[in-house]
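Written out below as structure tokens is the structure these notes cover.
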Amino acid sequence: MKTKYIKVSTADRLPDESDYFNTDDGWVQFNIHDKKFWLEGVYEVHPKYWLEEVNDYEDEMMELLTELTEAIEFESIIIKENIDNDGWENFGGRLYDKAKNLLTKIKES
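Just so you know, the numbering used here puts the end of the sequence shown at 179, numbered straight through with nothing missing.
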């Protein structure tokens, strides 16, 4: 699984374990026991944020949205024959538009 890094404000949350973390002060060590960041184990530093590695679900989201939009396109032929155009716009049109817009945003980012 792919991963990515997100910024976490030290004012909001500190790391859950002792380790080295990339921060706005560079790579520093966090000590879980004293809840402080240390540079080279000697100098206490006070970073504003640290980077946390998290799972990246972008590929799975894109795959699902693509399948969803393809299914809606396929089903729209059958559905449109059984309900009027206003009904389709209320039922599948909005869902399709939202999925397509989100898919476009993900691809552009």
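From the three backbone atoms N, C-alpha and C, an ideal C-beta is built for every residue, glycine too.
- In the three-state DSSP reduction, Leu134 falls in the helix class (H, G or I).
- Counting along the chain, the unbroken beta strand (DSSP E) around Ile76 starts and ends at 73 to 79.
- Excluding its 5 nearest sequence neighbours in each direction, Pro117 has C-beta neighbours in its own chain below 7 Å: Thr80, Thr93, Asp94, Asp95, Val98, Phe107, listed in chain order.
- For the pair Val115 and Phe144, the Cα-to-Cα distance works out to about 58 Å.
- When C-alpha distances from Glu178 are compared across Asp167, Met132, Tyr166, the shortest belongs to Met132.
- When Leu134, Gly163, Ala141, Leu165 are compared, the shortest CA-CA separation from Ile176 is found for Leu134.
- Residues of the same chain with a CB within less than 7 Å of the CB of Tyr166, apart from the 5 flanking positions on each side, are Thr139, Ile142 in chain order.
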